[in-house]
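In our numbering, the protein residues as written are 632 to 940.
Below: one structure, written as structure tokens.
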């Protein structure tokens with residue numbers, strides 16, 4: 632559509648541009664953290680005025696760049712890992728399954744039976760498609776039994792989504808349905824305060840150990856963070872942190888099975904299948920949507936010299 636002689640930018644196009652700029656900003660801030668870059672430097676790096684940069688962060692994260700930057704620091708990550716570990720310990724000591732349901736959609740997970748696993752999903756119909764997310768285009772796949780795949784994709788290469796989906800379900804019948812996929816993605820990424828209690832069902836294929844790890848990930852609350860060692864301890868496998876990390880990396884359902892909430896013990900965000908900047912963005916976005924006045928009080932005083940980001 633053309634308005635006043637200029638092409639009208641669609642909501643999807645604007646969302647993609649917003650996220651691309653956020654990811655660029657995160658990459659710049661991480662690369663220049665030691666030098667405490669100024670707000671003007673960050674704005675210039677991504678081609679915006681300072682006022683437009685402020686509006687970008689307000690639109691995407693609901694907070695200012697200065698508030699956002701605190702969630703990128705190692706100090707914040709370490710503090711949050713300790714808090715989340717304590718919260719899980721208290722919940723488990725009280726006999727609860729975990730605190731996650733207080734923060735997230737009610738998510739239930741079912742594993743494929745051994746027989747279904749051996750048959751490589753023969754006879755199963757899987758609908759799949761692409762749509763918008765706050766973190767760039769996403770691909771989601773689902774059956775009558777639940778969501779079985781969620782990943783992030785290149786806007787210019789949706790076919791890559793199918794190529795990543797097929798090996799997981801080699802004998803299934805795959806039917807593309809972008810409108811249904813877009814609607815489901817919208818439900819998945821609704822802000823926590825807007826989420827209904829109707830819940831989402833997940834259906835996964837994996838080894839017994841992988842499924843155990845993915846179930847444990849569901850216990851990590853929205854905006855919570857844990858180390859691989861803490862997750863292994865949650866599984867009562869304290870010496871299996873490396874094996875746990877491998878299972879985390881093979882998570883087939885991004886965001887809903889929150890592998891992004893598992894960091895290195897050092898507080899470094901580490902490697903993520905869809906990029907470290909995206910992992911950082913998701914964690915910071917979640918933190919921004921659960922921000923408290925105490926968070927602001929503890930924010931580091933930096934990115935602008937006289938006016939830190």
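Just so you know, even glycine gets a beta-carbon here, dropped at the ideal spot from N, CA and C.
According to the Cβ coordinates, are residue 816 and residue 764 closer than 8 Å? Contact annotation: residue 816 and residue 764 have beta-carbon atoms nearer than 8 Å.
Can residue 852 and residue 703 be called in contact, C-beta distance under 8 Å? Taking 8 Å as the Cβ cut-off, residue 852 and residue 703 do not qualify as a contacting pair.
Find the nearest neighbour of residue 806 within the set 783, 773 and 834, judged by alpha-carbon distance. Nearest in C-alpha terms to residue 806, of all of 783, 773 and 834, is 773.
Within the stretch 842-901, note down every full beta strand (DSSP E) run reaching 3 residues or more, in order along the chain. For the stretch 842-901, not a single whole beta strand (DSSP E) run of length 3 or above is found.
Inter-stretch contact (C-beta, 8 Å, three-pair minimum) for the stretch 835-844 and the stretch 688-699: Judged by Cβ distances under 8 Å, the stretch 835-844 makes no contact with the stretch 688-699, as fewer than three pairs qualify.
Within 10 angstroms of its Cβ, does residue 683 collect 16 or more other Cβ (buried), or is it exposed? Residue 683 is exposed by the Cβ-count criterion.
Taking the alpha carbon of residue 909 as the point to measure from, which residue in 758, 662 and 783 has its own alpha carbon closest? Ranking the options by Cα distance to residue 909, first place goes to 783.
Residue 758 (DSSP reduced to helix, strand or coil): DSSP, read as helix, strand or coil, puts residue 758 in strand.
Within 8 Å, do at least three Cβ pairs link the stretch 895-914 to the stretch 705-714? Contact between the stretch 705-714 and the stretch 895-914 is present, because at least three Cβ pairs lie under 8 Å.
Grab me the residues of residue 646's own chain with a C-beta within less than 6 Å of its C-beta, minus the 5 sequence neighbours each way, in chain order. Within the same chain, residue 646 has close Cβ partners 763.
Identity of the residues DSSP links to residue 739 by a beta bridge: According to DSSP, which records beta bridges pairwise, residue 739 is partnered with 832.
Quick check: what's the CA-CA separation for residue 868 versus residue 721? Rounded to the nearest angstrom, the two C-alpha atoms are 19 Å apart.
DSSP has residue 772 in a bridge; who is on the other side? For residue 772, which the question treats as bridged, DSSP gives the partners 759 and 780.
Which value, in whole angstroms, describes the spacing of the CA atoms of residue 778 and residue 810? If you take the alpha carbons of residue 778 and residue 810, they lie about 15 Å apart.
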